[in-house]
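Peer 1: Using our numbering, the first residue of the sequence shown is number 358, and each one after it goes up by one.
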Amino acid sequence: MDDAAKKTALRMIPYGIYVMTAEDSDGRVGGATVNWVTQTSFDPPLVAVGVKADAVSYGIVKSSGHFALNMLGKGQQGVAFGFFKPAEQEGNTLSGEPIHPGTTGSPILENAVAAVECKVREIVEIGDHHVVIGEVVEATVHKTPEGRADEAILEMKELGDNVFYGG
Numbered sequence: 358m359d360d361a362a363k364k365t366a367l368r369m370i371p372y373g374i375y376v377m378t379a380e381d382s383d384g385r386v387g388g389a390t391v392n393w394v395t396q397t398s399f400d401p402p403l404v405a406v407g408v409k410a411d412a413v414s415y416g417i418v419k420s421s422g423h424f425a426l427n428m429l430g431k432g433q434q435g436v437a438f439g440f441f442k443p444a445e446q447e448g449n450t451l452s453g454e455p456i457h458p459g460t461t462g463s464p465i466l467e468n469a470v471a472a473v474e475c476k477v478r479e480i481v482e483i484g485d486h487h488v489v490i491g492e493v494v495e496a497t498v499h500k501t502p503e504g505r506a507d508e509a510i511l512e513m514k515e516l517g518d519n520v521f522y523g524g
């Protein structure tokens, strides 16, 4: 396989930008920018999220059994970059962003445009990223989008010409 062609072709898949957060029973809090996200079922409502297998936040999601997927909106590039490194909790903030606990206990970013809270239903452990399948048990919209909801989401291409994922 031509490695350059593979990389280019796979980078043509559009990605939204999200922050996945979780807190486990030991009080460990994790948060990470993720972009391999898709809804996989309407009934029950399921989402699949690709998470780097060696990430601290992945371990917290796995041990807690739940997570929140915080949707970032247009102009929230700074929030996305803030969660590229391990999250740090200080009071009621996570990596500098105000949070509150959701119904599952997962942190909800107050400045995200929306969030869904999920119960982990299954994890597929293949490759360097594992696929976490979560059932949506709660949803919050902080800012109702004008027009199409999918046009309100921050996209990978809006992070700059040198930020890529995939391939």
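All C-beta atoms, glycine included, are put in the ideal place defined by N, C-alpha and C.
Using the three-state DSSP reduction, which class does Thr395 fall into: helix, strand or coil?
Peer 2: On the sequence shown, residue 395 is found 38 positions in, with the first residue counted as 1. It is a strand residue.
Peer 1: Any idea if Gly448 is buried or exposed, counting beta-carbon neighbours within 10 angstroms, 16 or more meaning buried?
Peer 2: Counted from its first residue, the sequence shown places residue 448 at position 91. So Gly448 counts as exposed.
Peer 1: Helix or strand or just coil, what does DSSP make of Gly435?
Peer 2: Numbered from its first residue, the sequence shown carries residue 435 at position 78. Helix.
Peer 1: Does the distance from the C-beta atom of Leu429 to that of Ala469 stay below 8 Å?
Peer 2: As a working mapping, residue 429 is identified with position 72 in the sequence shown. As a working mapping, residue 469 is identified with position 112 in the sequence shown. Contact flag set, yes.
Peer 1: Candidates Ser421, Lys431 and Ala444: which alpha carbon is nearest Pro502's?
Peer 2: Position 145 of the sequence shown, counted from the start, is the residue given in the question as residue 502. Among Ser421, Lys431 and Ala444, the Cα nearest to that of Pro502 is on Lys431.
Peer 1: For Ser424, which option in Val481, Gly388, Arg368 and Gly435 has the closest C-alpha, if you only look at C-alpha atoms?
Peer 2: One-based indexing of the sequence shown puts residue 424 at position 67. Correcting the residue type first, residue 424 is Phe in the shown sequence and not Ser. With distances taken between Cα atoms, Phe424 lies closest to Gly388.
Peer 1: If we call anything under 8 Å between Cβ atoms a contact, is Thr461 one with Lys442?
Peer 2: By 1-based counting over the sequence shown, the position of residue 461 is 104. By 1-based counting over the sequence shown, the position of residue 442 is 85. Not a contact, by the Cβ cut-off of 8 Å.
Peer 1: Does the beta-carbon of Thr497, which I'm using as the reference point, lie nearer than 7 Å to any heavy atom of the ligand FAD?
Peer 2: The ligand content of the structure shown is nil, which means the ligand FAD is not present either.
Peer 1: Checking 8 Å against the spacing of the C-beta atoms, do Ile510 and Leu403 come in under that value?
Peer 2: Translated into positions along the sequence shown, residue 510 becomes position 153. Translated into positions along the sequence shown, residue 403 becomes position 46. Not in contact: Ile510 and Leu403 (Cβ atoms no closer than 8 Å).
Peer 1: Mapping DSSP to helix, strand and coil, what is Met513?
Peer 2: Position 156 of the sequence shown, counting from 1, holds the residue named residue 513. DSSP places Met513 in helix when its eight states are reduced to three.
Peer 1: Tell me the DSSP secondary structure of Lys476 in three-state form.
Peer 2: Along the sequence shown, one-based indexing puts residue 476 at 119. Three-state result, Lys476: strand.
Peer 1: List the DSSP bridge partners of His486.
Peer 2: Start at 1 with the first residue of the sequence shown, and residue 486 comes out as number 129. Partner(s): Lys409.
Peer 1: If the criterion is Cβ atoms closer than 8 Å, does the pair Val494 and Leu426 meet it?
Peer 2: In the sequence shown, counting from the first residue as 1, residue 494 sits at position 137. In the sequence shown, counting from the first residue as 1, residue 426 sits at position 69. Cβ atoms of Val494 and Leu426: not closer than 8 Å.
Peer 1: Where does Val520 sit, in a helix, a strand or coil, going by DSSP?
Peer 2: On the sequence shown, residue 520 is found 163 positions in, with the first residue counted as 1. Coil.
Peer 1: Would you list the residues sitting across from Asn427 in a DSSP beta bridge?
Peer 2: Here residue 427 refers to the residue found at position 70 when the sequence shown is read from its first residue. Answer is Val376 and Ala472, bridged to Asn427.
Peer 1: If Ala471 sits next to Val418, beta carbons under 8 Å apart, how far is it from one beta carbon to the other, in whole angstroms?
Peer 2: As a working mapping, residue 471 is identified with position 114 in the sequence shown. As a working mapping, residue 418 is identified with position 61 in the sequence shown. Not confirmed; about 19 Å, so no contact.
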